[in-house]
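In terms of the working numbering, the sequence shown opens at residue 1 and continues consecutively. Every residue, glycine too, gets a C-beta built ideally from N, C-alpha and C.
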Amino acid sequence: MKKLLISTLIAAALVLTACSSGGETAQATATPAPTQEPAAVSEAESAPAEQATQEEAGGDIYAAYVQEFPEVGTMVRPVETEDGRELILECELDNEIDQLIYDSYRNELTGDLDGALALVGDVENYRITVENAVRNVQEGAGNQSYTLHDMDILSLEDVQSAEQRYLDVIAQEVADCGLTQWTVQEVDVSWTYTEAEQAKGPQLDEGRYERYFLLGKAGDADSWKIYDFFWEDFLPEE
1 MKKLLISTLI AAALVLTACS SGGETAQATA TPAPTQEPAA VSEAESAPAE
51 QATQEEAGGD IYAAYVQEFP EVGTMVRPVE TEDGRELILE CELDNEIDQL
101 IYDSYRNELT GDLDGALALV GDVENYRITV ENAVRNVQEG AGNQSYTLHD
151 MDILSLEDVQ SAEQRYLDVI AQEVADCGLT QWTVQEVDVS WTYTEAEQAK
201 GPQLDEGRYE RYFLLGKAGD ADSWKIYDFF WEDFLPEE
């Protein structure tokens, strides 16, 4: 998939992400996102003392990485709500991870708070930002549309080539959240804003971006959840 690298994104304030199952927190900085977009918990600055390295937090985290999923071949149409918002799908939903990501965007645009939170792992900060995004839509702001151009599970080799600061964050979250399986989904997405959102002055322009979602299964859970996401600089520039 074509990588879209946005060099103008700047680092934002420190964010704390915690899983109640782990009892610890991973401290990292976030690349700013629009107010209706979940805040990225990603780029670590100089690591604080309590920030575990990849080895300390997750050990061999790659042993739990999943890069192949059974095909499901789900067929869906663009979703349009009563407010004229659209979710446009330009690729096929090949597996349960594709469906999960699609559902997360759909639930946001339709203002389905319960549905949106049902797809989120036990990460307080991420759940709050998802809730804020949905409530933003419920109040008439947020996105007018999302277009999902392509979705792919990253290979293990690609994940291992990611920036080390992100791998350390992932290792911390895998450990804190008790993830027995995890994966990273690359999503090629573009969006437009409502007039109400444009009036607020969103932090990112309308356009096309690359996002990387961290998904996992905690303990013996049957279903996959979304735990975090990262922006264009997750993978090193080619």
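| Query | Result |
| --- | --- |
| Top-ranked residue by Cα proximity to residue 95, from 78, 120, 67, 88 | 67 |
| Residue 142 vs residue 180 beta-carbon contact at 8 Å | no |
| Nearest neighbour of residue 136, chosen from 87, 82, 196 [CA to CA] | 196 |
| Closest by C-alpha distance to residue 192, when choosing among 177, 201, 133, 145 | 145 |
| Check: residue 154 C-beta below 7 Å from any heavy atom of the ligand COA | In terms of ligand content, the structure shown is empty, and the ligand COA therefore cannot be addressed. |
| Alpha-carbon to alpha-carbon, residue 100 and residue 216 | 11 Å |
| Straight-line Cα distance separating residue 164 from residue 61 | 13 Å |
| Under the three-state DSSP convention, the category residue 104 falls into | helix |
| Test item: CB-CB of residue 117 and residue 127 under 8 Å | yes |
| Cβ neighbours of residue 84 in the same chain (closer than 7 Å, five flanking residues each side left out) | none |
| C-alpha gap between residue 87 and residue 19, whole angstroms | 30 Å |
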